[in-house]
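**Student:**
2 protein chains.
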Amino acid sequence: MGRWEPGAGGRLREAALELYLEQGFEQTTVAEIGERAGVTARTFFRYFADKREVLFAGSEVLQDTMIAALEGAPESASAMTAVRAALDAVGRVLTDREHSARRQSVIVANAELQERELIKMASLSRALSDGLRRRGVSDPQASLAAETGIAVFRVAFERWVTEPADRDLAQVMRESLDQLRAITAG
Amino acid sequence: MGRWEPGAGGRLREAALELYLEQGFEQTTVAEIGERAGVTARTFFRYFADKREVLFAGSEVLQDTMIAALEGAPESASAMTAVRAALDAVGRVLTDREHSARRQSVIVANAELQERELIKMASLSRALSDGLRRRGVSDPQASLAAETGIAVFRVAFERWVTEPADRDLAQVMRESLDQLRAITAG
DNA sequence: TACGTGATGTCAGTCGCTGACATCAGCTGC
DNA sequence: GCAGCTGATGTCAGCGACTGACATCACGTA
Numbered sequence: 005m006g007r008w009e010p011g012a013g014g015r016l017r018e019a020a021l022e023l024y025l026e027q028g029f030e031q032t033t034v035a036e037i038g039e040r041a042g043v044t045a046r047t048f049f050r051y052f053a054d055k056r057e058v059l060f061a062g063s064e065v066l067q068d069t070m071i072a073a074l075e076g077a078p079e080s081a082s083a084m085t086a087v088r089a090a091l092d093a094v095g096r097v098l099t100d101r102e103h104s105a106r107r108q109s110v111i112v113a114n115a116e117l118q119e120r121e122l123i124k125m126a127s128l129s130r131a132l133s134d135g136l137r138r139r140g141v142s143d144p145q146a147s148l149a150a151e152t153g154i155a156v157f158r159v160a161f162e163r164w165v166t167e168p169a170d171r172d173l174a175q176v177m178r179e180s181l182d183q184l185r186a187i188t189a190g
Numbered sequence: 005m006g007r008w009e010p011g012a013g014g015r016l017r018e019a020a021l022e023l024y025l026e027q028g029f030e031q032t033t034v035a036e037i038g039e040r041a042g043v044t045a046r047t048f049f050r051y052f053a054d055k056r057e058v059l060f061a062g063s064e065v066l067q068d069t070m071i072a073a074l075e076g077a078p079e080s081a082s083a084m085t086a087v088r089a090a091l092d093a094v095g096r097v098l099t100d101r102e103h104s105a106r107r108q109s110v111i112v113a114n115a116e117l118q119e120r121e122l123i124k125m126a127s128l129s130r131a132l133s134d135g136l137r138r139r140g141v142s143d144p145q146a147s148l149a150a151e152t153g154i155a156v157f158r159v160a161f162e163r164w165v166t167e168p169a170d171r172d173l174a175q176v177m178r179e180s181l182d183q184l185r186a187i188t189a190g
């Protein structure tokens, strides 16, 4: 253990989400976040690149999880089957619906945060298509499968945090993927 | 005519693009842009909401052009035919390849600008799908057609500014759309 | 000719973000 | 046990984006 209360990063994440919910993203200063977490603003910027990034700290883990699942899929599996495995893995990581819903409500209320979310999604998509290409999927198919996978994730995530909480994210994603299949087949 | 040299907004746009090209987006201060345009930084912020927006000032015109073309398409036209008409209209607006290429090179060099571009594209997509729904296209088809149209625009735009300048944007977009059709048909 | 108007300048201030340096508890080697 | 190293944090000064309030001033108009 260090000299200070450990887990400053986690405390900063919680404090930021709370304050963004209570008074809005723009109205919250980094100094306030630090104060609530028991550190200074300077320490905040040692953990997070900027004021938005504190809401997206989990995105690297998410991406690594997706790619690991993609690479763990059987070699014989098709592109979309591998993408489905990646989405299933995401469903196993994102289980705290309350937290996801709160975080999402902050993001949809602020344009800057939506910008950051869009670039994170683009990064996920690129990681997926890169992974598919490593599996031998050729170029237009790899990009299309990746974009489709991310689109399904976004739609399903939106439903999951909005609708009554009777299903988990993995289920909603599978259902959304099936619906997409039905549409494109028609 | 006013007291001052008219066209401050246009001068600011030119000055900003020049400076972003010469020394990079981050290294350029708003005061420098104003100086080159013959105004103060305060005036810059009266024309543009922030330092990035000066590169995206034309996006409203682009969106209005697309929507006008969409609504001008014959009532009997299918969703993708209407989208094609919208893309053709975009091709008629974006004719200065040199300018587009310069602007794009600035954007791809900076993450903040890519974020802004992503949200502009999302806005275009939403406007397109809204327009399609007003034409009576129902919901999953409208969104899919809109996303497809924007995807084609992005891919074709990238090709257009990158490849040797022997075709105009409209041609490249039509070609990209045909290629997509071939892929999805298979 | 006085007055209103609109684009601009000026000024002060807040806040995001950074670099440089100081601090200090614990670990490590002796 | 002591000296020194290390790493997380604090402190401080500073830059630059952005904003609100108010002043200015050429032009059009009554």
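These protein sequence lines map, in sequence, to chains A and B.
All you need for the working numbering is the position in the first sequence, starting with 1, plus 4.
All you need for the working numbering is the position in the second sequence, starting with 1, plus 4.
Glycine included, C-beta positions come from ideal geometry on N, C-alpha and C.
If you're wondering where the values come from, they're calculated on a predicted model, not measured in any experiment.
Are any of the Cβ atoms in chain B nearer than 8 Å to that of A:Leu181?
**Tutor:** Taking the first residue of the first sequence as 1, we reach residue 181 of chain A at position 177. It does not: the Cβ of A:Leu181 has no partner Cβ on chain B nearer than 8 Å.
**Student:** If you measure from the beta carbon of A:Glu9 to each beta carbon in chain B, is any gap under 8 Å?
**Tutor:** Here residue 9 of chain A refers to the residue found at position 5 when the first sequence is read from its first residue. No, because no Cβ of chain B sits closer than 8 Å to the Cβ of A:Glu9.
**Student:** For B:Ala72, go through chain A and note every residue whose CB falls closer than 7 Å to its CB, in chain order.
**Tutor:** Here residue 72 of chain B refers to the residue found at position 68 when the second sequence is read from its first residue. Under the 7 Å cutoff, chain A gives no residues; its nearest Cβ is about 25 Å from B:Ala72.
**Student:** Taking all protein chains shown into account, do 16 or more other C-beta atoms lie within 10 angstroms of the C-beta of B:Ala174, making it buried, or fewer, making it exposed?
**Tutor:** Counting from 1 along the second sequence, the entry for residue 174 of chain B is found at position 170. The residue is buried, with at least 16 neighbouring Cβ atoms inside 10 Å.
**Student:** Taking buried to mean at least 16 other C-beta atoms within 10 Å of its own C-beta, is B:Gly135 buried or exposed?
**Tutor:** Here residue 135 of chain B refers to the residue found at position 131 when the second sequence is read from its first residue. When all chains shown are included, B:Gly135 counts as buried.
**Student:** Shortest alpha-carbon distance to A:Val58 belongs to which of A:Val97, A:Ala86, A:Arg107 and A:Gly140?
**Tutor:** For this step, residue 58 of chain A is matched to residue 54 along the first sequence. Taking only the C-alpha atoms, the option nearest A:Val58 is A:Arg107.
**Student:** Quick one: what's got a C-beta closer than 7 Å to B:Gly153's C-beta in the same chain, skipping five residues either side?
**Tutor:** Here the question's residue 153 of chain B lines up with position 149 in the second sequence. Closer than 7 Å at the Cβ level, and outside the excluded window around B:Gly153, lie Val87, Ala90, Leu91 and Leu132.
**Student:** What does the Cβ neighbour count give for A:Asp100, buried or exposed, with the cut at 16 atoms within 10 Å?
**Tutor:** Here residue 100 of chain A is taken as the residue at index 96 of the first sequence, counted from 1. With fewer than 16 other Cβ atoms within 10 Å, it is exposed.
**Student:** So with CB distances below 7 Å, who are the chain A contacts of B:Glu119?
**Tutor:** Working through the second sequence from its first residue, we reach residue 119 of chain B at position 115. Under the 7 Å cutoff, chain A gives Glu119, Arg120, Leu122 and Ile123.
**Student:** Using alpha carbons as the reference points, say which of A:Val156, A:Glu119 and A:His103 lies closest to A:Glu18.
**Tutor:** Numbered from 1 along the first sequence, position 14 holds the residue referred to as residue 18 of chain A. Closest option to A:Glu18, Cα to Cα, is A:His103.
**Student:** Report the option in B:Ser80, B:Thr85 and B:Arg56 whose CA atom is closest to the CA atom of B:Met70.
**Tutor:** Position 66 of the second sequence, counted from the start, is the residue given in the question as residue 70 of chain B. It is B:Thr85.
**Student:** Express the C-alpha separation of B:Glu116 and A:Met5 in angstroms, rounding to a whole number.
**Tutor:** If you number the first sequence from 1, residue 5 of chain A lands on position 1. If you number the second sequence from 1, residue 116 of chain B lands on position 112. Bear in mind that a pLDDT of 44 at A:Met5, under 50, signals an unreliable position, so the number given afterwards is only what the model happens to contain. Going from the Cα of A:Met5 to the Cα of B:Glu116 covers about 37 Å.
**Student:** If we cut at 8 Å on Cβ distances, does B:Ile187 have a partner in chain A?
**Tutor:** Position 183 of the second sequence, counted from the first residue, corresponds to residue 187 of chain B. Yes, B:Ile187 counts as interfacial toward chain A.
**Student:** Please report the distance separating the alpha-carbon of B:Glu39 from that of A:Glu75.
**Tutor:** The count along the second sequence starts at 1 and reaches residue 39 of chain B at position 35. The count along the first sequence starts at 1 and reaches residue 75 of chain A at position 71. Their backbone Cα atoms lie some 53 Å apart in a straight line.
**Student:** Kindly indicate which three-state DSSP category B:Ser109 falls into: helix, strand or coil?
**Tutor:** As a working note, residue 109 of chain B is residue 105 in the second sequence. Correct three-state label for B:Ser109: helix.
**Student:** With distances taken Cα to Cα, identify the nearest neighbour of A:Ala186 among B:Pro144, B:Arg96 and B:Ser180.
**Tutor:** Counting from 1 along the first sequence, the entry for residue 186 of chain A is found at position 182. The option with the nearest alpha carbon to A:Ala186 is B:Pro144.
**Student:** In whole angstroms, give me the CA-to-CA distance for A:Glu79 and A:Arg139.
**Tutor:** As a working mapping, residue 79 of chain A is identified with position 75 in the first sequence. As a working mapping, residue 139 of chain A is identified with position 135 in the first sequence. So the alpha carbons of these two residues sit roughly 7 Å apart.
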